[in-house]
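In case it helps, UniProt numbering puts the sequence shown at residues 1 to 148. Cβ atoms here follow ideal geometry from the backbone N, Cα and C, with glycine treated the same way. All values reported here derive from a predicted model rather than from experimental measurement.
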Amino acid sequence: MNLEWKIRRFEALTIVELYNLLQLRSEVFVVEQNCVYQDIDYKDQKALHLIGEDDGQIVAYARLFKPKDYFEEASIGRVVVKPTYRDKKLGHILMREAIYFMKHQLGETKITISAQLYLKKFYESHEFIQTSEMYLEDDIPHIEMRRA
Numbered sequence: 001m002n003l004e005w006k007i008r009r010f011e012a013l014t015i016v017e018l019y020n021l022l023q024l025r026s027e028v029f030v031v032e033q034n035c036v037y038q039d040i041d042y043k044d045q046k047a048l049h050l051i052g053e054d055d056g057q058i059v060a061y062a063r064l065f066k067p068k069d070y071f072e073e074a075s076i077g078r079v080v081v082k083p084t085y086r087d088k089k090l091g092h093i094l095m096r097e098a099i100y101f102m103k104h105q106l107g108e109t110k111i112t113i114s115a116q117l118y119l120k121k122f123y124e125s126h127e128f129i130q131t132s133e134m135y136l137e138d139d140i141p142h143i144e145m146r147r148a
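Right, dumping it as structure tokens:
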């Protein structure tokens, strides 16, 4: 695996990059999780898009938001890894890249996320703590978590 990381503003995404990242999000969040929801939510235009590629194929992705573009604090969302790459611990690498970028490029250390409940331990391993009760988002149990 030869990972290359890119960060793109919405306007700088190529048509192919946009198509591929939307395909990956749909593959996981709609098809795999059997959840019909509106993925295209007009937040992509505000986000910075962190893309992990292996041989030109998007295998990891997350949206990064500055404060007040999603939550009061900076935020990371739509964290996704291609299913065939999950055995490589790529989710942890993706989160480390996202947190590093937030801290070193945006100067943000306080990060809020809306996490799927079943991933609580995963996010805790990246120093996030639960800050809300469980709530349903698109019929999937979520919790708010923060990292200071």
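Straight across, the Cα-Cα distance linking E27 with P83 is about 9 Å.
Here F128 carries a coil assignment [DSSP, helix/strand/coil].
If only uninterrupted beta strand (DSSP E) runs of at least 3 residues are considered, those enclosed by the UniProt domain "N-acetyltransferase" (8-148) are 48-54, 57-65, 74-81, 111-116, 135-137 and 140-147.
Close CB contacts of S132 within its chain, under the 6 Å cut and outside five residues either way in sequence, are with I143 and E144 (chain order). Looking at the backbone, the Cα of A12 and that of P67 are separated by about 21 Å. Two segments are said to touch when three or more pairs of C-beta atoms, one from each, lie closer than 8 Å; by this definition the segment 3-12 touches the segment 43-55. Out of A60, R25, F65 and E53, the CA that lies nearest to the CA of K43 is found in F65.
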